[in-house]
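Below is one structure, written out as structure tokens; the observations come after it.
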Amino acid sequence: MGEVRYLLDTHTFLWWAFDSPELSKRARSLIADRGNQIFVSSASGWEICTKFRLGRLPDARLLVQDLAGWIQKAGLSELKIGLEHAQRAGLFEQPHRDPFDRMIAAQSLVEGMPVIGKDEALAAFGVRLVW
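Note that my numbering has the sequence shown beginning at 2, numbered continuously upward.
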């Protein structure tokens, strides 16, 4: 079987970065499996930096200073936001207002990648969650 591609939800990426016990065993195993290609959305970088600036993620200082370097060192890949992602996120009929969730959902659906995360708001967009 070939490589499986997954997209991390922002909370999953943070829990992985901080080695949090909140991360499920299955999620930890999928991320650690080098047979899988794990992506972090540019939207997660935007969300993390925004929450850090607002004082909601004070422990993320080192992470926000070098997100790209940290992602690379962790063996993860960045999923950049493209126009198709932007169109899908902007045109969702769902009333959900969180722009970060909308973008991660759009990227998941456009790229055909399940999301490693447990945010049921993403499932409402038709995203397949793995936790």
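Each residue gets a CB set at the ideal place from its N, CA and C atoms; glycine is no exception.
Because the structure is a prediction, the values reported are computed rather than measured.
With contacts defined by Cβ atoms closer than 8 Å, A107 and H86 form a contacting pair.
For F19, the three-state secondary structure derived from DSSP is coil. Counting only the Cα atoms, P59 lies some 10 Å from C50. Contact check for P96 against Y7 fails: the beta carbons are separated by 8 Å or more.
Looking only at L130, D34, L15, the smallest Cα-Cα distance to E4 is reached by D34.
The distance from the Cβ of F53 to that of A61 is about 5 Å, consistent with a contact at the 8 Å cut-off.
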